[in-house]
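Engineer: Here's a structure for you.
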Amino acid sequence: MTHETGRLYGLGIGPGDPELLTLKAYRILRSVPVIAYPTMENGKVLARAIVADFLRPEQIEVPMPLPFSPVRSSQPYYDIAAEKLAEHLSAGRDVAVLCEGEPFLYGSFMYLFNRLSSKFQTEVVPGISSTMASAAALGVPLTYRNDVLSIMPATLEADILRDRLAVADAAVIIKLGRHFSKVRDVLSELGLLSRSLYIERATMPNQRIVPIADIDAADVPYWALIMIPSLQTSVT
Ligand SMILES: C[S@@+](CC[C@H](N)C(=O)[O-])C[C@H]1O[C@@H](n2cnc3c(N)ncnc32)[C@H](O)[C@@H]1O
């Protein structure tokens with residue numbers, strides 16, 4: 030007799046405040062037997078910390094080490110993680126992969142989805158993205174009427190950032206970390222610095238909102254972004 034395989038969930042758990050989990054994410058988080066989450070090689074893990082209070086002791090935890098390195102490919106790490114998850118799924122156990130923010134927006138879950146969703150039933154539970162949560166935390170409307178919002182990673186080359194930002198009505202620049210100085214120079218060249226807002230660890234207990242002029246580039250964490258809200262050019 031064959032048994033049913035487990036279901037894979039990409040669980041959006043929001044930007045940091047545990048109260049920003051959806052009811053659906055909470056229900057699945059509490060009910061699945063296996064919880065998986067990315068960890069940095071130094072053992073640091075944000076996603077688990079967000080939901081730590083909701084985990085049950087009997088749940089199996091599967092940490093998935095990822096290099097988060099610009100020089101090393103993370104693909105072999107995803108191969109290993111996918112194999113580990115496939116073992117649980119093949120044995121009939123549902124697996125929830127914790128995804129900070131929204132799983133399908135620059136989320137590492139996408140690489141597991143690409144490896145596993147054709148073999149196992151998969152469901153993605155959307156989460157509140159840090160990009161949306163940051164607008165709320167900063168208290169700025171992001172886009173009006175026909176405005177176009179661009180979301181871009183700070184890892185892009187300066188020339189590409191310049192071209193994209195030059196035509197953006199509103200923009201969010203993520204993955205800041207050590208790319209902060211490059212981004213600040215580009216914003217300065219484009220005359221956008223006065224409209225740019227900086228936030229780190231939005232909705233977490235240690236959230237910080239600081240004027241860009243006061244930021245020390247050496248202190249900018251990975252969990253930080255810059256938001257350039259659109260100008261309200263027409264009032265109706
Ligand atoms: C790989 S992307 C993942 C985005 C995530 N899927 C989302 O929807 O928010 C990681 C980047 O998102 C931004 N980010 C994520 N959470 C954040 C937070 N709580 N506050 C500020 N920025 C955050 C940072 O720029 C970080 O480098």
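Quick note on numbering: the sequence shown equals residues 30 to 265 in my numbering. We treat Cβ as the ideally placed atom computed from N, Cα and C, and that holds for glycine. All values reported here derive from a predicted model rather than from experimental measurement.
Run through DSSP, which three-state label would Pro86 get?
Structural biologist: For the purposes of this step, residue 86 is taken as the residue at position 57 of the sequence shown. Three-state result, Pro86: coil.
Engineer: Please work out which residues of its chain come closer than 6 Å, Cβ to Cβ, to Ala110, disregarding the five sequence neighbours upstream and downstream, and give them in chain order.
Structural biologist: Indexing the sequence shown from 1 puts residue 110 at position 81. Cβ within range, chain order: Met93.
Engineer: Going by beta carbon distance, what residues of the same chain come within less than 8 Å of Val100, once the five residues before and after it are set aside?
Structural biologist: Reading the sequence shown from its first residue, position 71 is the one you call residue 100. Contacts found: none.
Engineer: Could you check what DSSP says for Arg230 in three-state terms: helix, strand or coil?
Structural biologist: Locating residue 230 in the sequence shown gives position 201, where the first residue counts as 1. Reduced to three states, the DSSP call for Arg230 is coil.
Engineer: Rounded to the nearest angstrom, what separates Pro47 and Leu194 at their Cα positions?
Structural biologist: The count along the sequence shown starts at 1 and reaches residue 47 at position 18. The count along the sequence shown starts at 1 and reaches residue 194 at position 165. Between Pro47 and Leu194, the C-alpha separation is close to 32 Å.
Engineer: Tell me the rounded alpha-carbon separation between Asp108 and Arg144.
Structural biologist: Against the sequence shown, residue 108 aligns to sequence position 79. Against the sequence shown, residue 144 aligns to sequence position 115. Going by the C-alpha atoms only, they are around 8 Å apart.
Engineer: Where does Ile180 sit, in a helix, a strand or coil, going by DSSP?
Structural biologist: If you number the sequence shown from 1, residue 180 lands on position 151. The answer is strand: DSSP assigns Ile180 an E or B state.
Engineer: Rounded to the nearest angstrom, how far is the Cβ of Pro132 from that of Gly156, given a contact under 8 Å?
Structural biologist: Within the sequence shown, the letter at position 103 stands for residue 132. Within the sequence shown, the letter at position 127 stands for residue 156. At roughly 6 Å, the Cβ-Cβ gap stays under 8 Å, so Pro132 and Gly156 are in contact.
Engineer: Nearest CA to the CA of Lys211: which residue from Pro234, Ala197, Ile241, Val196?
Structural biologist: Position 182 of the sequence shown, counting from 1, holds the residue named residue 211. With distances taken between Cα atoms, Lys211 lies closest to Ile241.
Engineer: Let me know if Glu116 comes out buried or exposed under the rule of 16 or more other beta-carbons within 10 Å of its beta-carbon.
Structural biologist: Translated into positions along the sequence shown, residue 116 becomes position 87. Exposed is the call here.
Engineer: Put Ala165 into one of helix, strand or coil per three-state DSSP.
Structural biologist: Counting from one through the sequence shown, the residue named residue 165 turns up at place 136. Looking at Ala165 - three-state DSSP - the assignment turns out to be helix.
Engineer: Figure out for me which residue from Leu52, Gly41, Gly45 has the closest Cα to the Cα of Ile64.
Structural biologist: Position 35 of the sequence shown holds residue 64. Cα-wise, what sits closest to Ile64 is Gly41.
Engineer: Taking 7 Å as the line, does the beta carbon of Glu87 fall inside it for any heavy atom of ligand 1?
Structural biologist: To locate residue 87, count along the sequence shown from 1; it is residue 58. Flag unset: Cβ of Glu87 not near ligand 1.
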